[in-house]
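Using the working numbering, the first residue of the sequence shown is number 72, and each one after it goes up by one.
For each residue, glycine too, the CB sits at the ideal point set by N, CA and C.
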Amino acid sequence: MSELTLPVLLRRAASEFPLLGISYVQENCSVLFQSYPELLMEANSVSIGLFSLGMKSGDKAIIATENNRETITLLWGCFLAGIVPTILQSAASFTDHNPSATKLINVFKQLGSPYIFTSKSAISNLLEFEGRVIAYSAIPRLEGELFFEPELDDLAFIQFSSGSTGEPKGIMLTHRNIALNIEGIIEGIELKPTDNGGNWMPLYHDMGLIGYHLTPIMAPCNQFHIHTIDFIKNPALWLEMMSRYKITVSGCPNFGQELIIRYMKRRPDGHFWDLSSVKAILNGAEPISVKVLNDFNRVLKSYGFHEEAMMAVYGMAEATLAVSFSPLMEHSVVTSFDNEKLDKDFVAVKVGITRSGKHIRSIVSVGKPVKHVLIKIVDSEGNTVDDCKIGHVLVMGNSVTRGYYLNPQQTEKLFAGEWLRTGDMGFIFEGNLYISGRYKDIIFVNGKNYFANDLEVLACNLEEFNFGKIIIGGITDYKTGKEKVLVFAAAIPEAKAQEVLEKLRTLMRKDLGIPVDELIIIKSNEIPKTSSGKIQRYKVIQSYQQGGFLNSVFR
C-alpha cells in the first residue's frame, strides 16, 4: 500500500470508502462535510482549470488561502495535475514586522515567481504580486479528467521550513517520501477506517498537513479540521469537537496545551465534555515540558481523558514528518537524570526520585523510530556513541528528503553521508530516544554546556515567568571575551524587573551555579515563534546584538 503516489491514494479513498471525508469545523462546532469522492471531483475540476491558465506538470505553485477547504482542494488540484505546490500562511499585511509576509516574498523569489493562489478576501493584500496572484474562486472549473500519473520518486511537494534557526528552506518531498512516512504513522497509531482524526494545526505546517490531512486519506478515515485562529481564540472548540465527534487521534504541542490549561482555569462551571474516545494526542513539534504535560493530563482527567493517550513523539519536516513514536496507549516515560553528568560529561545517568530536585533533570522519552526510519547518535567527529552518551541525532530512511530546493550549499550541510543531521542533541536510554536540546541553543558557561530550554524550564519555577514567555540565550561579550547569559521575558512590569532579576540570579546560582548577566523586558508579540510554536531564539538575540531593546535592559 505504501508504494502509491498521492493521486492514487485519493482515488483509492474515494472509490473504496465513499462515505468517509473531511469535516470543516465552524466556530459553533457545526461542520461542512466534503466526502473523498467530492474532493476528488472538485480537485479534478481545479486541476484542469490550472492547465487552462497555462500551467503544466512540474510547475511550482504557492497556496496561501484563508480557508481550509480552499487549501485542501487546491492542493489536490495541483497533485492531480503534477504541479508542485507549497502551502504558506496567508499574509494579512506587508510590513517589516509581519513574518508571514516576509516568508511569502522569500519563497516567491526562491520558486521563480510562481502563481500564488489565495482567497478572494485576501487579494487586496497581495497587489504587489499582480499578474501572479489568482483568487481560488477565479480558477476556471472545467469538466474532463486528467490522466497524469507521477512516478514515486517525482517531486510532489515543497515544505518550507519554519526557520527556527535560520531562514526558511524548501524541503523537497517525493511521493515515495510521503507515502512511506505516512505508513509509519498509520502503524504507530494503529489508524483504521473507524478512527476520527481531529486537527487545529495549520495546514502550512507539516504536522497539520501530513499528520492530520494526508495520513487520514491513506488510512483512510474521517478527518476534522478547525481553523487555527478559531482554536487560539476559543481553545474549548477543540475539546467540544473531540467530544461531539468522538475524535480518536489529534495533536497538541506545548503551546496548545498551555492554551487549554489557561482556559480550564477560567472555564464556566457546569461545562461537560466526553474525551474518553481519544486514544492518541501526539505531543511533539517542540521540547516537551513535563510540567505542562502533567498539568494538561490533570485538568482533563475529569472529562474522561486517559493519561495513556498522551503520546510523546519526535519529528521534523526534513524527514517528511515522523521520526520516532512512543507506544500507543501507554503512560509517558519520564526519566530523571543526574544534572551534573548531563551538563559536564554529556552522559545520561538515571537517578532516583529521592535525590534533591536541583540535581536532577526530568526528560520525556520520545520512543523508538517509526517504520522506514533509522536513528543513530554520533559525537562531533561523526563516530557512533554508546547508549546513554549525548551526541548529535542523525536519521536515515526513504522518507528523508533528498535536500533543499535549489540550495546545494545548505543541502550539503544537511547530510553526513547518507545520514541527515537533525540539529538536535540526544541519547538512547533503555532503547528509547531522548532529545536534550538544539545544538545551536547550547549556552557555554563556566566550562559547562547548558541547553536554553532547560534553563527556561528552571526559571519558570518562579511565578514571575511563564513557559513560552521567556527566552534564555548566550552571547560573547567582545570587550571581555566572556560569555554573557541573557534572559528575555514578557509580562513582567518594569517596576519589578530588578527585583525579579535578583530572584532569578539566586535561583540560577543555587541550582546550577551560573550567573545571569541581564534581564531584558520584551512584549509577548516580540517573541518570534514558528508555525508549530518553536521559539526562534536566534531572532531575539540578533535584535539585541543589533541594538534592540536597549531601553528595557536591567543589569
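Rounding to the nearest angstrom, what Cα-Cα distance links residue 132 and residue 568 in this structure?
If I take the Cα positions, the gap works out to 48 Å.
Compute the beta-carbon to beta-carbon distance between residue 146 and residue 291, rounded to the nearest angstrom, for a pair I have assumed lies under 8 Å.
Not confirmed; about 16 Å, so no contact.
Is the Cβ-Cβ distance between residue 527 and residue 541 less than 9 Å?
Their beta carbons are under 9 Å apart, which means residue 527 touches residue 541 by this criterion.
Am I right that residue 443 and residue 510 are in contact with their C-beta atoms under 8 Å? What's the rounded C-beta distance?
Not a contact, Cβ separation roughly 25 Å.
With 16 other CB atoms within 10 Å as the buried threshold, where does residue 235 fall?
Confidence in residue 235 is poor, its pLDDT being 44 and thus under 50, which makes the residue's placement too unreliable to answer from.
Would you check if the distance between the CB atom of residue 633 and the CB atom of residue 286 is smaller than 9 Å?
The first residue shown for the chain is 72 and the last is 626, placing residue 633 beyond what the model contains.
Counting C-beta neighbours from all protein chains within 10 Å, is the total for residue 503 16 or more, i.e. buried, or is it exposed?
Residue 503 should be labelled buried.
Closest by C-alpha distance to residue 390, when choosing among 178, 614, 253 and 599
The residue with the shortest Cα to Cα distance from residue 390 is 253.
Residue 302 classed as buried or exposed, judged by whether at least 16 other C-beta atoms fall within 10 angstroms
When all chains shown are included, residue 302 counts as buried.
Less than 7 Å between C-beta atoms, sequence neighbours within five positions excluded: which residues of the same chain meet that for residue 624?
Cβ within range, chain order: 589 and 591.
Between the segment 379–387 and the segment 355–367, do three or more beta carbon pairs fall short of 8 Å?
Yes: at least three Cβ pairs fall under 8 Å.
Rounded to the nearest angstrom, what separates residue 465 and residue 448 at their Cα positions?
If I take the Cα positions, the gap works out to 6 Å.
Pairing CB atoms from the segment 466–482 with CB atoms from the segment 571–586, are three or more of them under 8 Å?
By the C-beta criterion, the segment 466–482 is judged not to be in contact with the segment 571–586, since fewer than 3 inter-stretch pairs fall below 8 Å.
Boundaries (first-last residue) of the alpha helix (DSSP H) holding residue 78:
Per DSSP, the continuous alpha helix (DSSP H) segment holding residue 78 begins and ends at 77–87.
Looking only at C-alpha atoms, which of 556, 190, 181 and 150 sits nearest to residue 162?
For the options 556, 190, 181 and 150, the alpha carbon positioned closest to that of residue 162 is the one of 190.
In chain order, what residues of the same chain lie with their CB nearer than 8 Å to the CB of residue 48, ignoring the 5 residues before and after it?
The question about residue 48 has no answer, for the chain in this structure spans 72 to 626.
Going by the beta-carbon positions, is the gap between residue 200 and residue 231 smaller than 9 Å?
Not a contact, by the Cβ cut-off of 9 Å.
Span of the alpha helix (DSSP H) holding residue 335?
Start and end: 325–336.
Roughly how far, in whole angstroms, is the beta-carbon of residue 351 from the beta-carbon of residue 394, given that I think they are within contact range, below 8 Å?
In fact, because the Cβ distance is near 16 Å, the residues do not count as touching under 8 Å.
Express the C-alpha separation of residue 116 and residue 214 in angstroms, rounding to a whole number.
Going by the C-alpha atoms only, they are around 6 Å apart.
Please state if the CB of residue 289 and the CB of residue 227 are separated by a distance shorter than 9 Å.
With contacts defined by Cβ atoms closer than 9 Å, residue 227 and residue 289 do not form a contacting pair.
Can you give me the C-alpha to C-alpha distance between residue 417 and residue 615, rounded to a whole angstrom?
Taking the straight line from one Cα to the other gives about 30 Å.
Classify residue 344 as helix, strand or coil using the three-state DSSP reduction.
Coil.
Could you please give me the residues that DSSP links to residue 205 through a beta bridge?
Answer is 188, bridged to residue 205.
When burial is assigned at 16 or more other CB atoms within 10 Å of the CB, is residue 396 buried or exposed?
If you draw a 10 Å sphere on the C-beta of residue 396, you find 16 or more other C-beta atoms in it, and that means buried.
Separation of residue 139 from residue 158, as counted between CA atoms
One C-alpha to the other measures close to 11 Å.
Tell me, to the nearest whole angstrom, how far the beta carbon of residue 151 is from that of residue 78; I am working on the premise that it is less than 8 Å.
That pair is a contact at about 5 Å.
Can you tell which of 414, 431 and 439 has its C-alpha closest to the C-alpha of residue 461?
Closest option to residue 461, Cα to Cα, is 414.
Integer Cβ distance of residue 141 from residue 207, believed to fall under 8 Å:
The pair is a contact, with the Cβ atoms about 4 Å apart (cut-off 8 Å).
Below 8 Å on the Cβ atoms is my guess for residue 575 versus residue 533; work out the distance and round it to an integer in Å.
With a Cβ gap of about 6 Å, residue 575 and residue 533 count as contacting.
Reference residue 405; option with closest CA among 487, 434 and 134:
Closest option to residue 405, Cα to Cα, is 434.
Kindly indicate which three-state DSSP category residue 589 falls into: helix, strand or coil?
Residue 589: strand per DSSP, three-state reduction.
Rounded to a whole number of angstroms, what is the C-alpha to C-alpha distance between residue 361 and residue 324?
Roughly 12 Å between the two C-alpha positions.
Identify whether residue 107 lies in helix, strand or coil by the three-state DSSP scheme.
In the structure shown, residue 107 adopts helical secondary structure according to DSSP, grouped into three states.
Using the C-alpha atoms, what's the distance from residue 329 back to residue 345?
Going by the C-alpha atoms only, they are around 20 Å apart.
Contacts around residue 294, its chain only, beta-carbon distance under 6 Å, and the 5 residues preceding and following it disregarded:
Within the same chain, residue 294 has close Cβ partners 93, 268 and 287.
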